[in-house]
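Residues 232 to 562 in our numbering are what the sequence shown spells out, letter by letter.
The beta-carbon is built from N, C-alpha and C at its ideal position, and this holds for glycine as well.
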Amino acid sequence: MEEQKDNYLARTVRDAYGMEQYDIQAKKILADKYLLAVIMAAVVEEFHGMDIDEVMESIDGDPEVETGRIICDGEEDAILTGGRIHYDIKFTVHIKQSGNIKLYMNLEAQRDYYPGYDLVTRGIYYGATMLSTQWEKEIRPEDYSNLKKVYSIWLCMNSSEQDANTITEYSIHPTMVYGEPKRIGRYDLISVIMIRLSNKGASELTRETMDAIQRMNGALYTIFKSKKTATEKCKDLQENYGIPVSETFENEVKTMCNFSEVILEKGFEEGREKGREEGMEKGFEKGEERTRREAIRNMLKFGVSKETIATEYPLELVEQIIREKETGTDK
């Protein structure tokens, strides 16, 4: 029994390490300044209609010449309770074309679409925290007029089929309850944007005919959802979406793809192994069923498509677990 516990602990640590390394690589890729500019040009109102180079130039911070990655002063905020929020990517921009306005930006890479709570509420909390931590940086007790607008952008990699390929922005808008005031006030200070990646790939458009959102969706799908090799992904990014790919960027994509393949194969292998172990101890049918469900949940959480999972497990069971996750009845 102790040996089984040790094996389970070792597997858990290896799995956690693999997923952690995958997440780290995903964040490194998303922190590329050109890719950040593509995302902001598509979903941030203040950048609509601007060239990607102009958007990229507005990003504050000293980039490493080799990678073009942002170096921030810190990616966490202290909160009043004594805890801290750890942001995936956090930076500021100054938009010269709009009077040099300053914005606070946060980008989160979210693999788990069903973490047990509403992701939108977390996004609002992150945005509100970025507002509150401007105390003494931007505002004083006697003057709140210098408060800067914040964006919290969430890239949901594994959304449900009915939500996939959608983008939703949550922001503040005034409602006239009675009368029409001459001055409404400066209310547009927070936007939370949920980008839910497509599960089926981008439409067949050329660089000349696709708009900013189609370009962003296609590039992100290519990086995080496409089943192509890392080399093929980087070629697509350059040829189809006009995204420059440095040697460092390509190596990071390769590393991320390697972790993805290792974790996928590990999920299949350990699911079969654990199923056999539990089957012998507790009755094959019962042990295998529980283990299959656990393996399917883990692969769904990691972003493996149901079609891929169905090559090893019954499609009916995969779809049942997906429905349970969507309705909150998965146990």
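Give me the Cα-Cα distance between residue i and residue j, rounded to the nearest whole angstrom.
i    : j    : result
M388 : P412 : 43 Å
A257 : M281 : 26 Å
E317 : Y356 : A small fix is needed here, since residue 317 is His in this sequence, not Glu. Computed Cα separation, rounded: 12 Å.
I415 : V423 : 22 Å
E543 : E478 : 36 Å
D284 : Y472 : 14 Å
I552 : N430 : 17 Å
T560 : R554 : 8 Å
T460 : F278 : 32 Å
R417 : T406 : 14 Å
P475 : H404 : 38 Å
G354 : V274 : 15 Å
T558 : I332 : 42 Å
A272 : N448 : 12 Å
S376 : I540 : 53 Å
E538 : L546 : 8 Å
Y401 : D394 : 16 Å
E525 : L267 : 35 Å
L451 : E276 : 19 Å
K458 : S391 : 18 Å
D343 : Y409 : 43 Å
V484 : V269 : 17 Å
Y398 : Q445 : Correcting the residue identity first, residue 398 is Ile in this sequence and not Tyr. Spanning the two alpha carbons is a distance of roughly 11 Å.
K327 : D374 : 24 Å
E367 : M441 : 43 Å
A359 : M530 : 33 Å
R315 : Q365 : 15 Å
L468 : P372 : 47 Å
E550 : R521 : 16 Å
E519 : S536 : 21 Å
E369 : E470 : 42 Å
E251 : T352 : 24 Å
May I ask you to list the residues that DSSP assigns as paired with residue i?
i    : result
F322 : M336
T397 : R427
K380 : L334
L261 : For L261, which the question treats as bridged, DSSP gives no partner whatsoever.
R342 : According to DSSP, R342 bridges with nothing at all.
L386 : A340 and I426
I290 : V324
I421 : V381
S402 : S422
R371 : D374
What do you reckon, are the CB atoms on residue i and residue j nearer than 8 Å?
i    : j    : result
A443 : L386 : no
L548 : R528 : no
K456 : L420 : no
H325 : S289 : yes
F480 : Y253 : no
Out of the options, state which residue places its alpha-carbon closest to the alpha-carbon of residue i.
i    : options                   : result
G292 : N471, P475, D343 and K264 : K264
E463 : N331, C488 and M447       : C488
N482 : S491, C465 and E470       : C465
D349 : E369, F490 and M425       : M425
I255 : D319, M287, V286 and R315 : D319
G347 : T360, K532 and E251       : K532
S329 : K556, V286 and I454       : V286
L261 : V351, T453 and R315       : T453
T323 : T352, V351, M361 and R315 : M361
K259 : S536, R521, N396 and T486 : T486
K556 : S536, Y345 and E520       : Y345
Run the proximity test for residue i: is its beta-carbon closer than 7 Å to any non-hydrogen atom belonging to the ligand ZN?
i    : result
Q341 : What this structure holds is no ligand at all, so the ligand ZN is not there to describe.
### Message
For the region 369-388 against the region 334-348, do three or more pairs of beta-carbon atoms, one drawn from each stretch, fall closer than 8 Å, so that the two count as touching?
### Response
With the cut-off at 8 Å, the region 369-388 and the region 334-348 touch.
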